[in-house]
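Okay, so here's the structure we're looking at.
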Amino acid sequence: MQKNLVIVESPAKAKTIEKFLGEDYKVLSSYGHIRDLKKKDFSIDVEKGFEPTYEIPSDKKKLVGELKAAAKNADMVWLASDEDREGEAISWHLYEVLELDPKRTKRIVFHEITKTAILKAIETPRDINVNLVNAQQARRILDRIVGFELSPILWKKVKPALSAGRVQSVAVRLIVEREREVHAFVSEPSYRVTAIFEAPDADGNKTEVRAELDRRFKTKEEAQAFLELCKDAEFSIEDITTRPVKKSPAAPFTTSTLQQEAARKLGFTVAQTMMVAQRLYESGQITYMRTDSVNLSDLALAACKSTVISLMGERYVKTRQFATKTKGAQEAHEAIRPTDMSNETIAGTSQEQRLYELIWKRTVASQMAEAELEKTTATISISNSEETFVAIGEVVIFDGYLRVYKESYDDDNEQEDESRLLPPLSKGQSLESKEISATQRFSMCPPRYTEASLVRKLEELGIGRPSTYAPTISTVQQRGYVVKGNSEGVKRPYEILKLKGNKITETVKTETTGNEKSKLLPTDVGIVVNDFLMAFFPEIMDYNFTASVEKEFDEVAEGEKEWTSVMKNFYDGFHPLVDKTMNAKSEHKVGERILGNDPVSGKPVSVKIGRFGPVIQIGIADDEEKPKFAHLPKGLSIETITLEEALDSFKLPKTLGEYEDKTVTVGVGRFGPYVRHNNVFVSIPKGEDPMEVTLEKAIEMINAKREAAEKKIIKTFDKEPDLQILNGRYGPYIAYQKKNYKIPESVEPKDLNLETCFKVIELQKEKSETRKRVAAKKKK
DNA sequence: CAGTGAGCGAGCTTCCGCTTGACTT
1 MQKNLVIVES PAKAKTIEKF LGEDYKVLSS YGHIRDLKKK DFSIDVEKGF EPTYEIPSDK
61 KKLVGELKAA AKNADMVWLA SDEDREGEAI SWHLYEVLEL DPKRTKRIVF HEITKTAILK
121 AIETPRDINV NLVNAQQARR ILDRIVGFEL SPILWKKVKP ALSAGRVQSV AVRLIVERER
181 EVHAFVSEPS YRVTAIFEAP DADGNKTEVR AELDRRFKTK EEAQAFLELC KDAEFSIEDI
241 TTRPVKKSPA APFTTSTLQQ EAARKLGFTV AQTMMVAQRL YESGQITYMR TDSVNLSDLA
301 LAACKSTVIS LMGERYVKTR QFATKTKGAQ EAHEAIRPTD MSNETIAGTS QEQRLYELIW
361 KRTVASQMAE AELEKTTATI SISNSEETFV AIGEVVIFDG YLRVYKESYD DDNEQEDESR
421 LLPPLSKGQS LESKEISATQ RFSMCPPRYT EASLVRKLEE LGIGRPSTYA PTISTVQQRG
481 YVVKGNSEGV KRPYEILKLK GNKITETVKT ETTGNEKSKL LPTDVGIVVN DFLMAFFPEI
541 MDYNFTASVE KEFDEVAEGE KEWTSVMKNF YDGFHPLVDK TMNAKSEHKV GERILGNDPV
601 SGKPVSVKIG RFGPVIQIGI ADDEEKPKFA HLPKGLSIET ITLEEALDSF KLPKTLGEYE
661 DKTVTVGVGR FGPYVRHNNV FVSIPKGEDP MEVTLEKAIE MINAKREAAE KKIIKTFDKE
721 PDLQILNGRY GPYIAYQKKN YKIPESVEPK DLNLETCFKV IELQKEKSET RKRVAAKKKK
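Here the UniProt record's numbering is used: the first residue of the first sequence is 1, the next is one more, and so on.
What follows is the structure, encoded as structure tokens:
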């Protein structure tokens, strides 16, 4: 008979705790929730007070059996799931499913994995908090109602297999609205004036002082007039002030801030960060990676302190605890930190090493002294103008935490480096102007969301949890609401007026603007679904919806409200809207736009979301003659497409003429525009308009492809028609039974015979297999 | 990585949060 059984949520945690507790304790893990609403059914009986039907998912049955057996054999079962709403519910489900004896069951909690914390928890057990469990049930059931009542409306009204939910639909809304802001944005030009002055430095040598005018000019004329003035102006220091500035380190990592910094500093996707962090956690190198807490244990604080002292000295230490600002944070765990601060680096893959070092630095820096800077501001007056130039110099007096870690910002490339040193200057001193220029600048539109900046925004709104940020981003992409894409920038000219000596010169340069990589863009389906939900379910789509229901869940947790009355209140408002929307008949399909009439047939031309995505349609379904359909051309949206653009899509495929007695046609296929001749497809190069391709041009392309094909075949064998030596994009290779094998550089491809070919194939096969094996080993 | 060039026709799809492996690519 085992004396004590402790059940926690995570197996890695179980392993650590077992070490602390000694041999009287066996520690097992529940691997998260063991029971949930049925996967396929609605599973909520609204009539019977929202009674849920729970089930143990099939992949959890074996585990539950094992836990049950272990519980039977123990004198005392300690339910040690996390100290938050979900954790409390896990304990309650365990209690019910394992049919635990109340006399031999205790509930304990700890939010840091240290020996003292755990021993203390064992000494102060409590009962399961039913109110907290009910708050979780309310949360779960509300999410199921929203998801399972809204999604079928979308299947009927928009497209099958779509989904809506409290979290995902708001995430899509953010992206749709940002895209509209970007499109509505009109950039305003202005002229920014900068000057380079000269002043003697400490040794009497001339050094540059860079300064910026305190205002920008709206028009070129104003800028020009100002430069004219500067021709005969004298410049002198009007005022000079120096003040100390302190900078404090950022708090240790939570899931959200780790995802943001790993994206900015290491270029990781949100999912990548979580995968690498999971491995670090499982190998015991960092604390739990799904957390909303910035708290560090006393043990960790002490470890940081001694690390800082030993590496940098007493002066760099400043122990501090951060407070969570996040809405709805539950703080069941510590912040994300190394488990052993003395490991500055670790062994592992390069990704693991880089993420670990990021976590190590952030943690250490959070326990270091402020950086002390001295900021000098010099205002420079102009003898014949009211304007002033401002020169800023910054000197680091004491680097403090900056020695270890500097937080990044999304717009880092926009920030100019201000940390310049100014030469000694005194009030009244006159300066020589070397060059003054007015550069045309344009106001910037708000940036589109990246994965990481979307997570930050969701967290700010209190929507979603650390465990769901990454899955939410993947869901909205899987449903086809959002794509990750690059928006190509456009080239824009800008003017520079420069005053040097006594001459003003004017030059025009070009810059690329709006070039954004790997940003989240809404699709047509995303836009239509969002507008539909916004029109019919504004409450759910409200950015404050989650925050307001969370407040009610908190009241349930505090025992101030019944969870069923919270549910009833919500459902009575929500469900009638569902019925009404589902049964509403409308003239047009959701998201449909009528563009006008087809000049040839006179029939209406419309765009909408079809069964397989956005389509253009000429005519209507009830007509005797079936309507004509075409897919929306790439890069166009049903929101903005014009009648002309829509009609263009029906002009292809078109016949150009005859070549070698076979017709030549142009069309647009899955992989872009093509020329077709004798069932051979030739891709039309990027950037060329298929509508502009003439017969001559098409024949040229066909012949060019033939030539390339001839060059492609280096050698064939009569005995083995399956095997060919070919010339590809990446050099010569052997094609054999649908697979390709690289030919080593040391071999002349023409000299290969069948036997040697097979040798090459064998060699390549072996190579790829050992590579696979190595990769598999690394995983473990 | 090495080439590709469609067009449904029944029945199913779906939520959020807690946790890892066992599967393919």
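Backbone N, C-alpha and C define an ideal beta-carbon position, used for all residues, glycine too.
In this text, all values refer to a predicted model and were calculated from it rather than measured experimentally.
Looking at Thr269, Met368 and Thr254, the one whose alpha-carbon comes closest to that of Val294 is Thr254. Close CB contacts of Val6 within its chain, under the 6 angstroms cut and outside five residues either way in sequence, are with Tyr25, Val27, Trp78 and Ala80 (chain order). Arg107: not part of any alpha helix (DSSP H); member of the beta strand (DSSP E) spanning Thr105 to Arg107, first to last residue. Sequence-distant partners of Lys206 (beyond 5 residues in either direction) whose C-beta falls short of 8 angstroms from its own C-beta, in its chain, are Glu198, Ala199 and Pro200. Under the DSSP assignment, Glu179 falls in the alpha helix (DSSP H) whose first and last residues are Gln168 to Ala184. The C-alpha of Thr564 is placed about 37 angstroms away from the C-alpha of Gln259. For Asp554, the uninterrupted alpha helix (DSSP H) run begins and ends at Phe545 to Ala557, by DSSP. Listed as beta-bridge partners of Gly596 by DSSP are Val605.
Scanning its chain for C-beta atoms nearer than 7 angstroms, with the 5 sequence neighbours on each side dropped, one finds around Leu213 the residues Val193, Glu387 and Phe389, in chain order. The C-beta of Gly619 has 16 or more other C-beta atoms within 10 Å across all chains shown, which makes the residue buried. In the three-state reduction of the DSSP assignment, Met368 falls in the strand class, which pools E and B. With a beta-carbon spacing of about 18 angstroms, Thr114 and Ser366 fall beyond the 8 angstroms limit used to define contacts. Residue environment analysis places Ser10 among the buried positions, since at least 16 neighbouring C-beta atoms fall within 10 angstroms of its C-beta. For Pro522, the uninterrupted beta strand (DSSP E) segment begins and ends at Glu516 to Pro522. With a threshold of 16 other beta carbon atoms within 10 Å, Gln137 meets it and is buried. Assignment of Val390 by DSSP, reduced to helix, strand and coil, places it in the strand class. Listed in chain order, the non-local C-beta contacts of Arg216 below 7 angstroms within the same chain comprise Ser190, Tyr191 and Arg192, local neighbours out to five positions each way being set aside. Of all C-beta pairs linking the segment 46-65 to the segment 101-111, fewer than three are shorter than 8 angstroms, placing the two stretches out of contact.
Here Pro152 is not bridged, per DSSP, to any residue.
In the DSSP secondary-structure assignment, Arg492 is bridged to Glu511.
With a cutoff of 8 angstroms on beta-carbon distance, Ile734 and Asn740 are scored as near each other. In the same chain as Phe629, and ignoring 5 residues on each side of it, the C-beta atoms closer than 6 angstroms to its own belong to Val615 and Gln617, in chain order. The C-alpha of Ile713 lies about 7 angstroms from the C-alpha of Gln724. Nearest Cα to Glu696 within the set Glu762, Ile380, His677 and Lys231: His677. With respect to the C-alpha of Thr546, the residue from Ala535, Gly165 and Ile496 having the closest C-alpha is Gly165.
Residue nearest to Asn502 within the set Asp59, Ala391, Lys406 and Ser433 is Ser433 (criterion: CA-CA distance).
When the alpha-carbon of Lys585 is set against those of Ser453, Lys157, Ser256 and Lys61, the nearest one is in Lys157.
Between Asp232 and the set Ala211, Pro732, Ile436 and Arg479, the nearest pair of CA atoms involves Ile436. One Cα belongs to Arg210, the other to Lys305, and the distance between them is close to 41 angstroms. Judged by beta-carbon spacing, Ile240 lies within the 8 angstroms limit of Leu425, meaning their Cβ atoms are closer than that value. C-alpha of His631 to C-alpha of Glu639: approximately 15 angstroms in a straight line. For Gly657, the secondary structure class from DSSP, reduced to helix, strand or coil, is strand.
Here Met76 is bridged, per DSSP, to Asn4.
Between Asp84 and Gln477 the beta-carbon gap is near 28 angstroms, outside 8 angstroms, which marks them as no contact.
Between Glu282 and Ala12, the C-beta gap is smaller than 8 angstroms, which places the two residues in contact.
In this structure Ser606 is in contact with Arg593, their Cβ atoms being roughly 6 angstroms apart against a cut-off of 8 angstroms.
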